[in-house]
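Peer 1: Can you read through this structure? Questions will come right after.
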Amino acid sequence: MDNSSQIDASAIPKPVLINVPVDDMDRGLAFYESFLGMPLARSLSYEISYHAPVSSDGILLTVNKRRFPGEIITVYFHVNDLDGALKRIAERGGEVTAGPYDLPLPKQIKPEFQEQFRDSPFYRGEAGDSMGRGASVVDADGNRFGLVQFSEWAHATFRVGEYAAPVTGEQLIDQSIALNREVPPPTEIFQE
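Residue numbers for the sequence shown follow this note's numbering, beginning at 22 and rising by one.
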């Protein structure tokens with residue numbers, strides 16, 4: 022059965038942010054700058070946050086001060102319909118742990134943001150008052166991840182919407198082959 026023709030590749034949630042919480046911002050920033058081999062830029066927001074691109078497909082790594090005990094690295098996926106995605110997560114045994122919440126662009130920094138990014142290849146005119154909306158969720162097994170629905174003016178930066186390079190037809194064919202192949206009985210990966 023070929024499932025690849027039934028899939029809307031543009032609707033597949035895309036990872037856009039990898040958020041790394043740290044206890045010591047100086048130490049964490051130095052670690053991730055060394056690990057990535059490039060400096061991280063200070064985010065224009067109220068919280069102390071730094072970011073850098075980690076793919077040509079619009080994925081950013083962010084390093085933030087840990088906001089609550091036990092906060093772990095979180096991958097955020099862009100969705101076209103946040104409310105619909107949250108409903109589907111709840112229907113499948115997941116849970117919304119925070120949100121939905123607005124991702125505001127603080128009014129005090131908006132003029133500075135627009136002026137500083139006019140030369141950016143991703144500049145698409147005036148930024149709105151919000152980057153979009155987000156939520157934190159857990160799946161039915163307690164794995165934490167996040168969802169964001171970016172405002173249209175932010176789509177170019179994160180390569181979503183009309184700027185997306187969705188999963189290709191070749192990737193969907195490969196997935197279809199994987200779904201239909203003969204596989205050996207399950208075994209533990211570290212079994213001797």
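Backbone N, C-alpha and C fix where the C-beta goes; we use that ideal spot for every residue, glycine too.
1. Could you work out which residue in T118, A30, A73, F98 is closest to F89 when comparing CA atoms only?
2. So, using beta-carbon positions, are V84 and Y71 closer together than 9 angstroms?
3. Would you check if the distance between the CB atom of P187 and the CB atom of I39 is smaller than 9 angstroms?
4. Is it buried or exposed, S76, if we count other Cβ atoms within 10 angstroms and call 16 or more buried?
5. Taking P36 and I69 to be in contact with their CB atoms under 8 angstroms, please state how far apart those CB atoms are, rounded to whole angstroms.
6. Does the beta-carbon of Y53 have 16 or more other beta-carbons within 10 angstroms, so that it is buried, or is it exposed?
7. For the candidate residues P74, E92, Q170, whose alpha-carbon lies nearest to that of P121?
8. DSSP state of R63, grouped into three classes?
9. Please classify G153: is it buried, with 16 or more other beta-carbons within 10 angstroms of its beta-carbon, or exposed?
10. Where do the N-terminal and C-terminal ends of the alpha helix (DSSP H) with E112 fall, by residue?
11. Please confirm whether T95 and P60 have their CB atoms less than 9 angstroms apart.
12. How about V158 and L107: do their beta carbons lie closer than 9 angstroms?
13. Assuming S151 and L168 make a contact with CB atoms under 8 angstroms, what is their CB distance in whole Å?
14. Excluding five sequence neighbours on each side, which residues of the same chain lie with their C-beta closer than 7 angstroms to the C-beta of L50?
15. Taking the straight line between their C-alpha atoms, what separation do you get for G114 and D162?
16. Assign A111 to one of two classes, buried (16 or more other C-beta atoms within 10 Å of its C-beta) or exposed (fewer than that).
Peer 2: Here's the rundown:
1. Along the sequence shown, one-based indexing puts residue 89 at 68. Ranking T118, A30, A73, F98 by Cα distance to F89 puts T118 first.
2. In the sequence shown, residue 84 corresponds to position 63, counting from 1. In the sequence shown, residue 71 corresponds to position 50, counting from 1. Yes; because the gap between Cβ atoms is below 9 angstroms, this pair is in contact.
3. Along the sequence shown, read from residue 1 onward, the residue named residue 187 stands at position 166. Along the sequence shown, read from residue 1 onward, the residue named residue 39 stands at position 18. For P187 and I39, no; Cβs fall outside 9 angstroms.
4. Stepping through the sequence shown from its first residue, residue 76 is reached at position 55. Classification for S76: exposed.
5. Position 15 of the sequence shown, counted from the start, is the residue given in the question as residue 36. Position 48 of the sequence shown, counted from the start, is the residue given in the question as residue 69. Between I69 and P36 the Cβ distance is about 23 angstroms, and since that is not below 8 angstroms, they are no contact.
6. Against the sequence shown, residue 53 aligns to sequence position 32. That one is buried.
7. By 1-based counting over the sequence shown, the position of residue 121 is 100. Comparing Cα-Cα distances from P121 to each of P74, E92, Q170, the minimum goes to Q170.
8. Numbered from 1 along the sequence shown, position 42 holds the residue referred to as residue 63. In the structure shown, R63 sits in a strand (DSSP, three-state: E or B).
9. Taking the first residue of the sequence shown as position 1, residue 153 is located at position 132. Buried.
10. If you number the sequence shown from 1, residue 112 lands on position 91. Start and end: 103-112.
11. For the purposes of this step, residue 95 is taken as residue 74 along the sequence shown, with counting starting at 1. For the purposes of this step, residue 60 is taken as residue 39 along the sequence shown, with counting starting at 1. Their beta carbons are not under 9 angstroms apart, which means T95 does not touch P60 by this criterion.
12. Here residue 158 corresponds to residue number 137 of the sequence shown, with the count starting at 1. Here residue 107 corresponds to residue number 86 of the sequence shown, with the count starting at 1. Cβ distance < 9 angstroms, so V158 and L107 count as in contact.
13. By one-based count along the sequence shown, residue 151 stands at place 130. By one-based count along the sequence shown, residue 168 stands at place 147. At roughly 15 angstroms, the Cβ-Cβ gap does not stay under 8 angstroms, so S151 and L168 are not in contact.
14. Here residue 50 refers to the residue found at position 29 of the sequence shown. Result list for L50: L61, Y71, V84, in chain order.
15. Along the sequence shown, one-based indexing puts residue 114 at 93. Along the sequence shown, one-based indexing puts residue 162 at 141. Each residue's Cα considered, the two are about 9 angstroms apart.
16. Position 90 of the sequence shown, counted from the start, is the residue given in the question as residue 111. Counting Cβ neighbours within 10 Å, A111 comes out exposed, since fewer than 16 surround it.
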